[in-house]
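In our numbering, the protein residues as written are 1268 to 1603.
Okay, structure coming up:
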């Protein structure tokens, strides 16, 4: 992006500090290349220093020795009208040689300040909201080349699972992983080898491991679930079983593409369900759902609730005939 392509104002709205800092750092770096940043950079904390007359004067000051001047206004969430209205008026006819960054954790699109900045161009309002886990893995794949590496999407998902959803921590771990592994492509095994799990395990990782019949991952995820969470975990697994049964039934009729509509979910939430359902026979899924009645009784009235849940889950993942043998015990929840 050349200086001529810069808009006179941008709104960075959202609480993801790392995403906001990326945009700020990029513009600061452009200014620092000129060697005149000290004369052309003005940063204001609007929670502490909302001297609006000084700010408007700074915005209208001509740059010295470079093509543009950069004014950064932090904390623009709840500006009083005596401060926000002069800014709105300024953006109606902004200085073409100044770039003003308006930064806020939250600023509704209905506010006059938001609308004033958004009118400057299609790319003026930039969403810096925290990304969801499903978005973070793709983001890591996208930015890995910046740090002279690449990461497999499955490995990126594992990294998010282990580190959590803090963008700054994720990027930091990605950088370290690329430096340590020294491989053309970061695979899941590299994440498992070099990245210590610091994030609390999410039940979705367990559900996905069960659905994909990944026994080793299932055992790991079961061990990571919070204490005394067996009933909640059981309820979620039953829900996933029902989804897989419906997916398998629709797939048999050639209607797997209707799964999201039938379940009332978003397509991204069930993108792997049909593929996973093909790993099971319908008998395996319905039998596991039938056995869930006895498992529920064990969870509510037994000291071995954790064992009962584990045996039931491993029976589903590995096949019922191997469940007891693999755990060295007979399923305690069977009443018949």
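Glycine included, each C-beta is placed from N, C-alpha and C at the ideal position. Predicted model only: the values in this text are computed from it and were never measured.
| query | result |
| --- | --- |
| Rounded to whole angstroms, what is the Cα-Cα separation between residue 1440 and residue 1426? | 8 Å |
| How many Å lie between residue 1274 and residue 1529 at the Cα? | 45 Å |
| For residue 1283, count neighbouring Cβ atoms within 10 angstroms of its own Cβ and tell me buried if that reaches 16, exposed if not. | buried |
| Bridge partners for residue 1418 per DSSP, in chain order? | 1453 |
| Out of 1526, 1551 and 1548, which one is the CA nearest neighbour of residue 1539? | 1526 |
| Pop quiz: residue 1555 and residue 1565 are said to be a contact at Cβ under 8 Å. What is the actual Cβ separation, rounded to whole angstroms? | At roughly 15 Å, the Cβ-Cβ gap does not stay under 8 Å, so residue 1555 and residue 1565 are not in contact. |
| Less than 8 Å separating the beta-carbons of residue 1287 and residue 1298? | no |
| Return the chain-ordered list of same chain residues with a C-beta closer than 8 Å to the C-beta of residue 1385, the five sequence neighbours on each side being excluded. | 1278, 1376, 1391 and 1392 |
| How would you label residue 1389, buried or exposed, when you count the other beta carbons within 10 angstroms and need 16 or more for buried? | exposed |
| In the structure shown, what three-state DSSP assignment does residue 1310 receive? | strand |
| How about residue 1415 and residue 1452: are their beta carbons less than 8 Å apart? | no |
| Mapping the DSSP letters down to three states, classify residue 1403 as helix, strand or coil. | helix |
| What does DSSP give as the partner residue(s) for residue 1367 in the beta ladder? | 1276 and 1338 |
| Quick one: Cα of residue 1583 to Cα of residue 1497, how far? | 16 Å |
| Could you tell me whether the Cβ atoms of residue 1319 and residue 1350 are closer together than 8 Å? | yes |
| Measuring only the C-alpha atoms, how far is residue 1537 from residue 1324? | 54 Å |
| Here's the rule I'm using: 16 or more other beta-carbon atoms within 10 Å means buried, otherwise exposed. How should residue 1467 be labelled? | exposed |
| Sort 1487, 1359 and 1502 by Cα distance to residue 1382 and report the nearest one. | 1359 |
| Taking only the alpha-carbon atoms, compute the straight-line gap between residue 1370 and residue 1347 and give it to the nearest angstrom. | 15 Å |
| Excluding five sequence neighbours on each side, which residues of the same chain lie with their C-beta closer than 6 Å to the C-beta of residue 1435? | 1285 |
| Thinking just about the alpha-carbon of each residue, which of 1515, 1462, 1411 and 1524 is nearest to the one in residue 1551? | 1515 |
| Could you work out which residue in 1511, 1487 and 1411 is closest to residue 1438 when comparing CA atoms only? | 1411 |
| May I have the straight-line CA-CA distance separating residue 1433 from residue 1443, to the nearest angstrom? | 16 Å |
| Based on Cα-Cα distance, which residue from 1505, 1542, 1503 and 1312 lies nearest to residue 1517? | 1542 |
| With 16 as the cutoff for other CB atoms within 10 Å, does residue 1409 come out buried or exposed? | exposed |
| Measuring CB to CB, does residue 1494 end up less than 8 Å from residue 1485? | no |
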